[in-house]
Amino acid sequence: MKKLPFILPGLLSTLALQAQDKPNILILLSDDQSAWAAGCYGNPDIRTPVLDRLASEGVMFSRSYCTSPQSVPARASLLTGMTPISTGMTRFNCALEKKYKSFMDYLKDSGYYVGILGRKHHMDGPAAGKYPEIREYYEKNGFVNFSRRLDYAKTMKGERNGANHGQIFELFKEYMEGRDTTRPFCVEVNYSDPHRPYDAPSVHNPAKLHLPGHFPDTKLVREDLAAYYDEIYRMDSDVGQVLAYLEDHGLKENTLIIFLGDNGGAQWMAKGTLYEQGVRTPLIISWEGHINAGGKVDRIVSHEDIAPTIMDYASLAKGPDMCGESLRPLLEGTGDIGRKWVYSARLCHATHSLPEDTSVMDQQRCIISERFKLIYNLLPGLGYVPMDFQITEMYLQLKDKADRGRLKEPYKTLYFSQTRPMFELYDLENDPTEQHNLIDLPEYADIQKELIMQLTFHMIDDRDFVTLPFPKAYH
């Protein structure tokens, strides 16, 4: 450790003694992984042996929802336990203000050695990229501060995914071997996989995949999905290295392990949308001897609940601004949590693209109950354009078919309609792929009204900047 002023070493020693009986905490975060893209979630095609084993050792949440189907706002919620709108993390080049504390801040203050490594954590605004003058403005005016709150913060070098493969474990070892061992550790390991571009070695056979019903069945679509699975398989093996390190160093039995995806994958009806594949991600939590092994939780939970859960296991009260709930009762089978609804918001996306279509600029909100989902589209006059794969040969081939009237339904309407309904209502129990919009059916009027009112209340509490959906309940 660096030499500190006279008083601080004593203070740190006191904190270290107080923290000795607390668990280590390891957060493993994949980039763009929908819940269905893991074997333990029932996918018969994908190979994820490490995640499957982790699920057998802990508790798997089948209905865990991110607060946004995009990295920056979603990760802000994971760290703060707050909604992205309440913290102002509503576009891709935002920086988290100093006044918003993350669980890393609280843990560090209580004696933990905290770090984030691997993929960029996205809390310090944009990288220099093509526009270094923007980055200079952020740094000059105090927007860049999050990395400075940590004991360790390092990102991988080079083009992501394949070039990063292997680097992440080296950073993890550097963190572990350089940490203050008198303090418990909390580290977030951020993987680049399975974010596009896909460049992992081929493992899955495109011809043998069982395509989800809302996927167009073409050769390129199959190849793209197989490549997505290959990315996840590579990430799965990287996770295995980290877990093996804990076992080899006798650390696993005192480490709370949390694996999850930040948001859904860049696939059909997924990332950038509020459909299930966009906002429902894997969540597996394990702690040997403390959390029920092989458990499964089917009730709705939010990524807002991750920070309070970590605080709870670190024997800390949740932060005063955190709106999530600790999942500990569900993990240990001692009770329920009070959550009736989860919410998610589609916000602005790219860091350096003008708002030419809805892949970059969109505004949607949704509320989800145990059975129903309501989506509020604030730009219904604009058609859907997918996020991160709108210029791929796969997509352009299908767009050409749609333009020439040769693409079958429901794919033409799903992906190439020039407009969208303002409101969508789905019965997730009977229509899990969200193909039947119930919003105008009179038998669902009471459900529609309740969901719209609850969404309205949430948006008021959140200080949301878009028009409230409230009047629809009385139309």
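Residue numbers (our numbering): 221 to 695. Backbone N, C-alpha and C define an ideal beta-carbon position, used for all residues, glycine too. Just so it is clear, the structure is predicted and the values come from calculations on it, not from any experiment.
Determine whether the beta carbon atoms of residue i and residue j lie at a separation below 8 Å.
i, j, result
"R696", "D482", "Within the shown structure, residues of the chain are numbered from 221 to 695, placing residue 696 beyond reach of any answer."
"I557", "L551", "no"
"N244", "H341", "no"
"A427", "R442", "yes"
"A447", "N425", "no"
"Q487", "S282", "no"
"L543", "M324", "According to the sequence shown, residue 543 is Cys rather than Leu. No, the pair does not count as a contact, with Cβ atoms beyond the cut-off."
"R585", "L675", "yes"
"Y285", "R500", "yes"
"L248", "I505", "no"
"A534", "K242", "yes"
"H434", "P264", "no"
"I266", "A275", "no"
"G335", "A373", "yes"
"D444", "S422", "no"
"V407", "Y395", "yes"
"I659", "Q668", "yes"
"P352", "L567", "no"
"L471", "W507", "no"
If contacts are defined as beta-carbon pairs under 8 Å, then residue i and residue j qualify, I think. What distance do you get, rounded to the angstrom?
i, j, result
"V279", "G509", "So it is not a contact: roughly 13 Å between Cβ atoms."
"E545", "D525", "5 Å"
"P689", "Y596", "5 Å"
"F312", "A490", "Wrong, their Cβ atoms sit about 18 Å apart, outside the cutoff."
"S589", "K560", "7 Å"
"Y320", "L536", "That belief does not hold up - the Cβ atoms of Y320 and L536 are roughly 17 Å apart, past 8 Å."
"R399", "Y465", "So it is not a contact: roughly 13 Å between Cβ atoms."
"V563", "H415", "Here residue 563 turns out to be Tyr, not Val, going by the sequence shown. Not confirmed; about 24 Å, so no contact."
"M376", "G338", "6 Å"
"V686", "Q583", "6 Å"
"P587", "L671", "According to the sequence as given, residue 587 is Ile; it is not Pro. Going by Cβ atoms, the distance from I587 to L671 rounds to 5 Å, so yes, they are a contact pair."
"Y664", "P502", "Their Cβ separation, rounded to whole angstroms, is 30 Å, which puts Y664 and P502 out of contact at 8 Å."
Excluding the five sequence neighbours on either side, which residues of its own chain have a C-beta within less than 7 Å of the C-beta of residue i, listed in chain order?
i, result
"F226", "A caution first: F226 carries a pLDDT of 42, below 50, which makes its placement in the model too unreliable to give a value."
"Q306", "Note on residue identity: the sequence assigns Ser, not Gln, to residue 306. Closer than 7 Å at Cβ, skipping near neighbours: D682, R683."
"G345", "N313, C314, A315, Y358, F363, V364"
"H318", "With the sequence shown as reference, residue 318 is identified as Lys, and His is not the correct amino acid for it. So the list reads N365, once near-sequence residues are dropped."
"K223", "Reliability fails at K223, whose pLDDT of 38 lies under 50, so the model's placement of it is uncertain and the value that follows must be treated cautiously. Within the same chain, K223 has no close Cβ partners at all."
"R591", "D647, L648, E649"
"I520", "R283, Y285, R559, V562, I588, E590"
For residue i, I'd like the list of residues in its chain whose CB is within less than 8 Å of its CB, leaving aside the five on either flank, ordered along the chain.
i, result
"G553", "N512, G515"
"L627", "P436, L618, K621, F636"
"M673", "F690, A693"
On a Cα-Cα basis, can you pick out the residue from the options that is closest to residue i?
i, options, result
"S297", "A565, K632, Y635", "A565"
"P630", "E613, T612, D608, N657", "N657"
"P606", "V580, R295, Y418, N474", "V580"
"L618", "D265, S637, L602", "S637"
"P600", "R591, D577, E467, F592", "D577"
"P432", "K669, Q655, I680, M673", "Q655"
"K538", "L246, T300, D251", "T300"
"D251", "A622, D608, L370, L634", "D608"
"N474", "A622, R403, I452", "R403"
"I452", "D371, P540, H385, K632", "H385"
"V517", "A527, P540, E397, G555", "G555"
"T653", "D468, P662, L634, D666", "L634"
"H469", "L494, R519, T529, E397", "E397"
"S322", "L370, G625, G492", "L370"
"R246", "D541, N361, A527", "One detail in the question is off: residue 246 reads as Leu in this sequence, not Arg. Here the closest residue by C-alpha is A527."
Given residue i, which residues of its chain have a CB within under 6 Å of its CB, disregarding the five upstream and five downstream residues?
i, result
"F405", "N244, Y333, R399"
"W256", "N263"
"A347", "none"
"R295", "H342, D482"
"G603", "S637, Q638"
"R277", "Going by the sequence as given, residue 277 is Glu instead of Arg. If we look at E277 and ignore the five residues flanking it on each side, its Cβ neighbours are S506, A513."
"S387", "What sits at residue 387 in the sequence shown is Gln, not Ser. The answer, listed in chain order, is M376."
Check whether the Cβ of residue i lies closer than 8 Å to any Cβ atom in chain B.
i, result
"Y615", "Reference to chain B is not applicable here, since this structure consists of a single protein chain."
Quiz item: Is it true that the segment 289-299 meets the segment 477-497, where meeting means three or more beta-carbon pairs spaced less than 8 Å apart?
Solution: yes
Quiz item: When the Cβ atoms of the segment 455-474 are set against those of the segment 268-277, are three or more pairs found closer than 8 Å?
Solution: yes
Practice problem: Decide if the segment 432-440 is in contact with the segment 360-368; the criterion is three or more beta carbon pairs, one per stretch, under 8 Å apart. | Solution: The segment 432-440 vs the segment 360-368: no contact.
Quiz item: Is the segment 629-644 in contact with the segment 593-610, if contact means three or more CB pairs nearer than 8 Å?
Solution: yes
Quiz item: Is the segment 647-656 close to the segment 568-585, with three or more CB pairs under 8 Å?
Solution: no
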